[in-house]
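Those letters in the sequence shown? Residues 17 to 1224, by my numbering.
Virtual Cβ for every residue (Gly too), placed ideally from N, Cα, C.
Given the structure is predicted, the values throughout are model-derived calculations rather than measurements.
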Amino acid sequence: MIEYTYREKPGTQKLRILRWGETETKERLRFQTGETRADREALSGKIYLKSGGRMFKKFTALITALTLLTAGLLPLSAFADGEVIRPVSASTLATSEDKWHANQGDASKIIDGNDNTFFMRKWRNVANAATFEFTLENYSDLTAARIVWGGRNASFSSVANSYALYGSADGVYYRKLYEVSGLTERGEDYTRTDEFALANAAGIKYLRLNAYGQIPSQCLALAEISFTGTPGTAPEAGMSGLTVTASQGAALAANLIDDDKDTFWKSGEWERGSEGNAEHKDIVLTIALPKATDLRAVDFSLVSYFPENVTDYYNRESRIHAYEVAVSANGADYRTVYRFDGTMRALYGNREALQTEAASVSAFDGSVRGVKYVKLIFKNVARLAISELQICGDETVIRPTAASTRAISQDIWHGDQGNISKIIDGKDNTFFMRTWTGIPAVVSFDLTLDEVYDLDTARIVWGGSYTSSAVATSYDVYVSADGLVYTKAASVTDGAAAGEDHRRTDITEINAQKVKYVRLCVYGQNPETCLAISEVSFNGSPSALTDEKIYPTEITASQGVANYPTSNLTDGNAETYWRIGEWETGSEGNAEHEDTVLTAILPHVTDISSVDFSLVSYFPDGTTERYNRNSTIKAYEIEVSADGINYRSVYRFDGTATAVYGTEAYRTEGFSAKNFTGLVTGVKYVRITFKNYSRLALNDLCVRGTDSENGLKMGDIQIRLAQGTTRSGMHFTVDADKAAFGIEGTFALNDPTLTAGVMLLSKATLQESGFATIAARVAAGTTSGIIDLTAEEILAQDAQSFTYAAVRTQIPLNEFDTTFVVVPYVKNGSTYTFGKQTEASYGGLKTVGNFLYPTEGTWEVKPEDFARTIDSKTYLDVAAAASVTPVTNDWSALLPESAQGYYFAENIVCPVDADTLYRVIEADCTGAGALKWKDFKTENWQGNSDPFVGTLPISKINDSMYLQLCLPHESTVYGGTGNGNNNFEVKKNTAGSLTALCAIYLQKDKSDLLPDDAQVTLCFGEMRLAVRKDDGQGWFLAMNSTTGPDNIHHGPSSLGNIYPIPWQLENDDNPVKSYNVGRDTNVKWVDDHYEVTVTGADLKGKKFTDSRVTWAVFHTWSTFYNFDDKNSIEGIATSYKVWVKEPEWSGFLVGDTGADCRQTGEPCHQTFNSRYFSITNQSKTVYGHNVGPNRYDTIMDSATVQQLLGIN
């Protein structure tokens, strides 16, 4: 028997109790600590344990643990919360060699429970990451992890100095559980044991361990991994039935929900999102849910990917720095419920690493209800690719807040059977039960919701707890927004019998919008006993704002009955109504009868979305309920008019609808006419003609829609965009009170003594003049700057008032976006009488009127409509033209050649096509705005802090060096479009070298025109490299090849290199090597330049035998410029002169330039690539530089650099 003594010692260093070694006996414990061997021996018989920050104080627990430990059955991790959990399988992407240890390539050694066995990677540094993957037998809630790095007694084994542990429930969505960096080296036995707590690690079955670095730089080894925890449960499955659309990569969107982690969706290669690049748009995934949902989680898995037709070496790492989650009930109105700012990255490197990064957004506060659409809005990314996404949540349950019924109940069977609130208490086992009798004409139940919803389905539990409980066999579901007009949303005619529990649950499709009130109308039951209902709830989403309910100001009827006036139709009272004579039926009900016509006058011109009214039953005067009259409509027609004279038919109803009143029910029949024939806009009058009916009675009539007075009404002034003119302008409609203006009798436009009009003045001008009103300014005799619009048309007139119109077809553009002060007036002789002064902004009015330039068809901007004079020159104001024309991403049409010049307002960026851009930069331009080629693409895959974005400030329009940041290629290799880009950012204070580059391509569309055996003579003049360092000395010429064959770029020895396309084939695992077309024999110095001859086959890549080669490039470079680490490179510019000797090949080739940089610790990187220049039979300088727009004014000296590069 072994005796252990336990006592607590304050400050005791943590001792890690380990398994027994093979050579040790069970009479001795083997442990390691930072103390000396003598210290350890002094502790003989006294074991101090501290695990997970908690001291074990119970003696019996300690003895039990130590007894198991001495038997070799329990590792240290058992002292943490939960049981020991070992993976049942292990795998790795890391490559190994059996050079140092016979089993070093066996990943199962990592999970064999033995710290003395290990997996060891081959001898080399970790590139990006080395990945290890593990599977647990069951879902587990993990609390801690134990990892033994290194190989015991293997001196060449390394330990990880930075790594991350990821966990997943399904092998798709991996979330980060733990990450650490900056760890110390291994111990004396070449291992290091890491133990750490885990959070957010519930429901884990799959784990991924990524090692990012190692110490020392030898063979990374992993000996053991285990966990502690408790049994977990399988995770919640995501919703099925999702549909996904994408703003980019739409064809791949289905991959996001195909349950295949090896397929993925990706955005455009170089897209960054609006916060990653101000010139880019956000990347949006829109997920439509099958039903309204209370959102609980949004999960997606970020992955890396390979561009098409390339190898592992060129894998793209995906990164997210910012995204938002927005939700909507209707797909139109979204609200943001989550935002991420940080870094997520998925990498893949050298075939040894796989890192996906899962986002699990579950930080919702319970208010994210009724969601039918979810948007993932990626605002700052780099190479975005996602393999899978899922939505988790519960069906949104909408419970009514109030219930009522006219049904009669008796408390014979159940004490609470008469309590109608039981049908909305959330319990299926409570119920309301009607008395034992047959259903009369109808039994109704009324329900009220807490707010207005768009309802998808209704869940109705019919029946109760007794054999006598009957279920409904036929019923209707009516819905209403206002409690007045109820329209039928669903009808059930064949309800099944109840189940063994005397209940039946119906999920009934509703699909109704803007519902606050629901009425259930029951017509039959089974069995003929006691109709019972246990529960009613709904699925749906909160509605958007409802269309305005517009009551007519006046309704006239072709017939009626005293005491039931048409005013009852607009009083909002469900108990009042209008009706006609008892026995009228309409012309289609009886040819001897007349139709009944209601004519409604609306308060303003309206764009109508629906015409609503409610049919009701009624009691003849002096009768009881027994003689109630049920109203029925079988045919009616709706007509609309703008003037009350000319009507057009827009809707016709044919069918049967009846309003029923019974002792236990009140069923109105609502009509909401929506599916009109043609657009129902600009309506002032609505006429409803009832053609076939009996006992017609209505209790509410309204229209829904929006005010379409074609402008913005402010006080007594109606302001709108002009109509009937091809030019921009304002149309003022003034409703004037004659008495207020001192007018008696009839106002006539041809009266020479009486003038009406509207005056406008810039608000700023008015304020600067010191006057509060235009009237005061006019009274003081100061009228300069005032725009005086006299009446051009009398629209209406009676004894008390008149309405007139005044039109201004062109507003002075210097005031275009400012606030105007507007006032109507009447001038009688020389005396002015002014009305109410209001304010308006012309620029703000363009959205409320009709565009003068149509969104379809052709139109042409007239420069005189948008003329602005600056320094005695006339310019077309581009921003002003844009604000009244339907342009979006291409403003080329706003820059007609007939304009004398163009004015670009500050903060305006004008996107145009390439032809327009090239034309406008040669024109007279002014202003603080900018131009941009609309197809410019920023490619910044190396993360340069100053990328080319394509925006050309007007102030830089004559700067040749700045133009290179913005202009498109003169011609391209493969057709389409393109531009130059900034690439590798030279590292500061790091030694290296620079070399200028030259690349010449044959245009693809010229391939058939250039025979394979054609001889093309390329002529090269000087090649130059200009550099600026941070030494304060400015730009200088670092390399110049002007001195001929003794100092040319690499001379004849490498001037004829032909490389395969794709470029990466040269460095592939199975490389395709470049060749030289002749070296010394095919390169000649002629006068002041080199000539080298190539063939059509060379330029087409046909001399390569590898089928992967699709094209070729003629490529050469300059001598090297070496720099030290004392100063940093701030700017690089390169150029070379080139032409073709044969005129017949002029325009067949394109060329670009750049500069390669080699720095200590870095591979060769290209710092920038210029735009392509078309090569002709005339000498042309191909040039470019790496100074982006952010640093341009600080770094670039355009005149000096042009001189250094030899640019004319």
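How many angstroms separate the CA atom of Phe1184 from the CA atom of Asn997? Here residue 1184 is taken as the residue at index 1168 of the sequence shown, counted from 1. Here residue 997 is taken as the residue at index 981 of the sequence shown, counted from 1. In a straight line, the C-alpha of Phe1184 is about 6 Å away from that of Asn997.
Distance between beta carbons of Leu258 and Trp165, contact taken as under 8 Å: Reading the sequence shown from its first residue, position 149 is the one you call residue 165. Reading the sequence shown from its first residue, position 242 is the one you call residue 258. Their Cβ separation, rounded to whole angstroms, is 42 Å, which puts Trp165 and Leu258 out of contact at 8 Å.
With H, G and I counted as helix, E and B as strand and the rest as coil, what does DSSP make of Leu585? The residue you call residue 585 lines up with position 569 of the sequence shown. Helix at Leu585.
Could you check where the beta strand (DSSP E) with Arg935 kicks off and where it finishes? By 1-based counting over the sequence shown, the position of residue 935 is 919. Element bounds for Arg935: not the beta strand (DSSP E) but the alpha helix (DSSP H), 930-936.
Residue interval of the beta strand (DSSP E) (run including Tyr155): Walking along the sequence shown from the start, residue 155 turns up at place 139. Start and end: 146-166.
Do Ser688 and Asp628 have their beta-carbon atoms positioned less than 7 Å apart in this structure? Reading the sequence shown from its first residue, position 612 is the one you call residue 628. Reading the sequence shown from its first residue, position 672 is the one you call residue 688. Contact flag set, yes.
Closest by CA to His886, which one among Tyr190, Phe836, Cys941? Residue mapping note: residue 886 aligns to position 870 of the sequence shown, counting from 1. Per the sequence presented here, residue 886 reads as Ile, with His not at that position. Looking at the Cα atoms, Cys941 is the closest of the given residues.
List the whole-angstrom C-beta distance separating Ile1191 from Leu1165, where the pair is believed to meet the contact cut-off of C-beta under 8 Å. Against the sequence shown, residue 1191 aligns to sequence position 1175. Against the sequence shown, residue 1165 aligns to sequence position 1149. Between Ile1191 and Leu1165, the beta carbon gap of about 4 Å places them in contact (Cβ cut-off 8 Å).
Applying the 10 Å Cβ sphere with the 16-neighbour rule, what's the burial state of Ser437? By one-based count along the sequence shown, residue 437 stands at place 421. Ser437 is classed as exposed because its beta carbon has fewer than 16 other beta carbons within 10 Å across all chains shown.
Inspect the beta-carbon positions of Ser1195 and Thr1169 and report whether they are closer than 7 Å. Position 1179 of the sequence shown, counted from the first residue, corresponds to residue 1195. Position 1153 of the sequence shown, counted from the first residue, corresponds to residue 1169. No, Cβ-Cβ distance for Ser1195 and Thr1169 is not below 7 Å.
Evaluate Gly1222 with the Cβ neighbour count: other Cβ atoms within 10 Å of its Cβ, from every protein chain shown; 16 or more gives buried, anything less gives exposed. Looking up residue 1222 in the sequence shown gives position 1206. Gly1222 comes out buried.
Coil, strand or helix - Phe787 by DSSP: Sequence index remark: in the sequence shown, residue 787 carries index 771 (1-based). Assigned with DSSP and collapsed to three states, Phe787 falls in coil, not helix or strand.
In angstroms with no decimal places, state the Cα-to-Cα distance between Ala269 and Lys443. Here residue 269 refers to the residue found at position 253 of the sequence shown. Here residue 443 refers to the residue found at position 427 of the sequence shown. The straight-line gap from Cα to Cα measures roughly 41 Å.
Suppose the cutoff is 8 Å on Cβ atoms and the five residues either side in sequence are ignored; what does the same chain contact list for Lys532 look like? Numbered from its first residue, the sequence shown carries residue 532 at position 516. Around Lys532: Thr464, Leu465, Glu467, Val468, Tyr469, Ser496, Ala497, Asp498, Gly499.
Cut-off 6 Å between Cβ atoms - residues of its own chain near Val188, not counting five sequence neighbours on either side: Position 172 of the sequence shown, counted from the start, is the residue given in the question as residue 188. Lys277, Ser317, Glu404.
Determine, using beta carbons only, whether Val477 and Thr446 come nearer to each other than 7 Å. Against the sequence shown, residue 477 aligns to sequence position 461. Against the sequence shown, residue 446 aligns to sequence position 430. Result no, Cβ atoms of Val477 and Thr446 do not sit closer than 7 Å.
Give a yes or no on whether 7 Å exceeds the smallest Cβ distance from Ala1007 to chain B. Absent here is chain B; the protein component of the structure consists of one chain.
In whole angstroms, what is the alpha-carbon distance linking Asp5 and Val699? Since the displayed the chain opens at 17 and closes at 1224, residue 5 lies outside it and no answer follows.
Below 7 Å between beta carbons: does that hold for Ala807 and Ala822? Residue numbering aside, residue 807 sits at position 791 when the sequence shown is read from its first letter. Residue numbering aside, residue 822 sits at position 806 when the sequence shown is read from its first letter. Taking a C-beta distance under 7 Å as the contact criterion, Ala807 and Ala822 qualify as a contact pair.
Beta-ladder partner(s) of Pro768, from DSSP: Numbered from 1 along the sequence shown, position 752 holds the residue referred to as residue 768. BP columns for Pro768 are empty, so no partner.
Under 7 Å between the Cβ atoms of Arg137 and Ala110? Here the question's residue 137 lines up with position 121 in the sequence shown. Here the question's residue 110 lines up with position 94 in the sequence shown. A distance below 7 Å separates the beta carbons of Arg137 and Ala110.
Which of the three DSSP states is assigned to Thr890 in this structure? As a working mapping, residue 890 is identified with position 874 in the sequence shown. Strand.
Excluding the 5 residues preceding and the 5 following Met977 in the sequence, name in chain order all residues of the same chain whose CB lies nearer than 7 Å to its CB. By 1-based counting over the sequence shown, the position of residue 977 is 961. Closer than 7 Å at the Cβ level, and outside the excluded window around Met977, lie His1201, Met1212, Ser1214, Val1217, Gln1218.
Opposite Trp1101 in the DSSP bridges: which residues? As a position in the sequence shown, residue 1101 is number 1085, starting the count at 1. Beta-bridge pairing links Trp1101 to Tyr1106.
Just how far apart, CA to CA, sit His1181 and Arg102? Within the sequence shown, numbered from 1, the residue matching residue 1181 stands at position 1165. Within the sequence shown, numbered from 1, the residue matching residue 102 stands at position 86. Cα-Cα distance, rounded: 45 Å.
Using three-state DSSP, classify Ala313 as helix, strand or coil. Start at 1 with the first residue of the sequence shown, and residue 313 comes out as number 297. In the structure shown, Ala313 sits in a strand (DSSP, three-state: E or B).
Would the beta-carbon of Thr372 be found less than 6 Å away from any heavy atom of the ligand GDP? Among the components modelled here there is no ligand, and therefore nothing to report on the ligand GDP.
Taking 8 Å as the cut-off, does the segment 283-298 touch the segment 389-405 (at least 3 CB pairs, one atom from each stretch)? yes
If you measure between the beta carbons of Val632 and Ala713, is that distance less than 7 Å? The residue given as residue 632 occupies position 616 in the sequence shown. The residue given as residue 713 occupies position 697 in the sequence shown. Yes.
Taking its Cβ as the centre, do 16 or more other Cβ atoms sit within 10 Å of Tyr919, making it buried, or is it exposed? Along the sequence shown, one-based indexing puts residue 919 at 903. So Tyr919 counts as buried.
Would the segment 1046-1060 and the segment 1153-1165 be scored as touching if the rule is three or more Cβ pairs under 8 Å? Counting Cβ pairs under 8 Å, fewer than three are found: no touch.
Considering Ala1113, what are the terminal residues of the alpha helix (DSSP H) in which it resides? Position 1097 of the sequence shown holds residue 1113. It spans 1112-1116 - the alpha helix (DSSP H) in which Ala1113 sits, taken as one unbroken run.
Going along the chain, which residues of its own chain have a beta-carbon closer than 7 Å to the beta-carbon of Ser553, five neighbours each way excluded? Counting from one through the sequence shown, the residue named residue 553 turns up at place 537. Excluding residues within five positions, the ones whose Cβ falls inside 7 Å are Val413, Ile414, Arg415, Arg475.
Just confirm the distance between the C-beta atoms of Glu149 and Ser178, as a whole number of angstroms; I'd bet it's less than 8 Å. Your numbering for residue 149 matches position 133 in the sequence shown. Your numbering for residue 178 matches position 162 in the sequence shown. With a contact defined as Cβ atoms closer than 8 Å, Glu149 and Ser178 miss out at about 18 Å.
Between which two residues does the beta strand (DSSP E) holding Met1039 run? Residue 1039 sits at position 1023 when you count from the first residue of the sequence shown. 1031-1045 is the extent of the beta strand (DSSP E) around Met1039.
Taking the straight line between their C-alpha atoms, what separation do you get for Thr1006 and Arg1174? For this step, residue 1006 is matched to residue 990 along the sequence shown. For this step, residue 1174 is matched to residue 1158 along the sequence shown. For Thr1006 and Arg1174, the gap between their C-alpha atoms comes out near 10 Å.
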